[in-house]
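Enquirer: What follows is a structure written as structure tokens; I'll ask about it next.
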Amino acid sequence: MMTNNKHNVEKQRQLEDRLDEKLFEIMEMVSKPEKFGITLDGRVIDVYPHVFLDSLYCIKKVEYKPFKYLLEQELPQELFKRYEQLLKDTKQVNHKVYKDSTSRKNYVKVSPEMSQRIVELYQQGVTRQEICYEVGVSRSAVNSHIKKQLGSQKVKPPEHNEADIQDWAEFKELGFTFAEIAEGYDVTESTINYHTKRIGAKNKSAGRPSKYPPKMVDEWNTLKDSGAIGKVYNVPKGTIKHYVAKYRENRTINSKAQYKEVK
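Per our numbering, the very first residue in the sequence shown carries number 1; after that it's consecutive.
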């Protein structure tokens, strides 16, 4: 009986080792530097590696997309369990290191250079907890030096490139979620939400013409296969569906308005 248990434990350990090996291969691949891509209108954007796995969790293909690969959403269940365990183990180690580094016996005196570094990081939008890890001081020390140098002064949010904001609006129009866009540009979802709404209102008030003329969308509406249309017009399938749906919605609203006038 003891032999069987020992055999099962060893078998489970070997399975976990193989899964960990596959997981590390995936993590190594998706952590590679981004490349440059070109949008349909000729703008250069960053694209990130995405892996596609076979039934044995081996990488069979790598494609580049305009948002980062999210391990939490893309990993198969078995690999995701190992990923969760890895995060748990890492968190325990980091917690122990942080606890040791901020204890009274390991007290670190904050030099003028460290104090300046704390304020610089804070003004860049780094959280106070992250500053603790970066500078190697306690949370109370971070709070104290920020208050000492800035007082009640509010930190100005980081400025974003206007070209990036236009990309966000375009990706949102193509059906990408705020989370997907935010992950690709390393910003918060609320930032994406705010700027895409601002760009939408700005374009609306300026009467910005659509990238795709009404006549072209009218032609799309008469055809059924959006995939085939996309190949002919060199336009993504999602864009075809979006504009056709909007076209039909506007046509329905106009028909109702005309019916009311006649009545």
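Beta carbons: idealized from backbone N, C-alpha and C, even for Gly.
Predicted model, so just to flag it, every value in this text is computed and none were measured.
Just how far apart, CA to CA, sit V62 and P49?
Expert: 6 angstroms
Enquirer: Any idea if A163 is buried or exposed, counting beta-carbon neighbours within 10 angstroms, 16 or more meaning buried?
Expert: exposed
Enquirer: Give me the Cβ distance between L19 and L79, rounded to the nearest whole Å; I'm assuming they're in contact under 8 angstroms.
Expert: At roughly 6 angstroms, the Cβ-Cβ gap stays under 8 angstroms, so L19 and L79 are in contact.
Enquirer: Mind reading off the beta-carbon distance from Y83 to L23? Whole number of angstroms is fine, and I expect it under 8 angstroms.
Expert: 6 angstroms
Enquirer: So, is C132 buried or exposed, given that buried needs 16 or more other C-beta atoms within 10 angstroms?
Expert: buried
Enquirer: Excluding the 5 residues preceding and the 5 following L15 in the sequence, name in chain order all residues of the same chain whose CB lies nearer than 8 angstroms to its CB.
Expert: There are no such residues.
Enquirer: According to DSSP, is P209 part of a helix, a strand, or is it coil?
Expert: With a pLDDT of 43 at P209, under the threshold of 50, the predicted position of this residue should be treated as unreliable, though the coordinate-derived value follows. In the structure shown, P209 sits in coil (DSSP, three-state: anything other than H, G, I, E or B).
Enquirer: Could you give the first and the last residue of the continuous alpha helix (DSSP H) run that contains V142?
Expert: R139 to L150
Enquirer: The alpha helix (DSSP H) spanning D167 covers which residue range?
Expert: From DSSP, the alpha helix (DSSP H) with D167 extends over E162 to E173.
Enquirer: Name the residue from S115, I165, V51 and E72 whose alpha carbon lies nearest to the alpha carbon of E28.
Expert: V51
Enquirer: Have a look at the DSSP bridge pairing and note the partners of I45.
Expert: G37
Enquirer: Could you round the C-beta distance between K65 and V47 to whole angstroms and report it? I think they count as a contact, below 8 angstroms.
Expert: 6 angstroms
Enquirer: By Cβ distance, which residues of its chain are closer than 7 angstroms to L121, with the 5 residues on each side in sequence left out?
Expert: Excluding sequence neighbours, L121 sits near I131 and E134.
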